[in-house]
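Data block below; observations after.
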Amino acid sequence: MELNVSSTSQGGHAVVTASGELDLYTAPRLQTVLASLLRERVDRVVVDLSGIEFCDSTGMNVLLSAMKRLKEQGGTLELAAPRPAVRRILQVTGLDTVFSVHDAVPALDAT
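Its first residue numbered 36, the sequence shown is counted upward by one per residue in our numbering.
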């Protein structure tokens with residue numbers, strides 16, 4: 036299955052929308068979009084996971100790496116609207132306590 040990734044940004048905040056499967060083969064696509072936002076010095080990134088049907092450790096590592104780099108720049112990376120299967124992965128790995136996880140995608144201008 037493919038991974039589709041798009042992003043919108045406004046005033047230093049960005050929402051990255053991903054749909055499909057986030058795994059070893061597709062994770063580089065998300066990594067490229069996140070790296071581009073880091074270069075633009077965006078200070079808040081919300082990753083909309085509502086369209087992600089499957090996520091493996093590679094996908095989680097891409098998210099963790101981006102969060103770490105954003106934090107180093109004084110920014111934040113948050114996750115939004117994970118489906119039950121992805122939410123379960125976050126809970127089992129303890130990453131639900133590492134990431135800020137929202138039930139819905141917050142507005143771009145919300146803090």
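Think of the CB as a built atom: it goes at the ideal place given N, C-alpha and C, for glycine as much as any other residue. The structure displayed is predicted, hence computed values, not measured ones.
- In this structure, DSSP gives Q45 an extended state, which the three-state scheme calls strand.
- Only exposed fits L59, as fewer than 16 other CB atoms lie within 10 angstroms of its CB.
- In this structure the region 74-87 touches the region 109-116; the number of beta carbon pairs closer than 8 Å is three or more.
- Rounded to the nearest whole angstrom, the CA to CA distance from L125 to E37 is 22 Å.
- Judged by DSSP in its simplified three-state form, V40 adopts strand.
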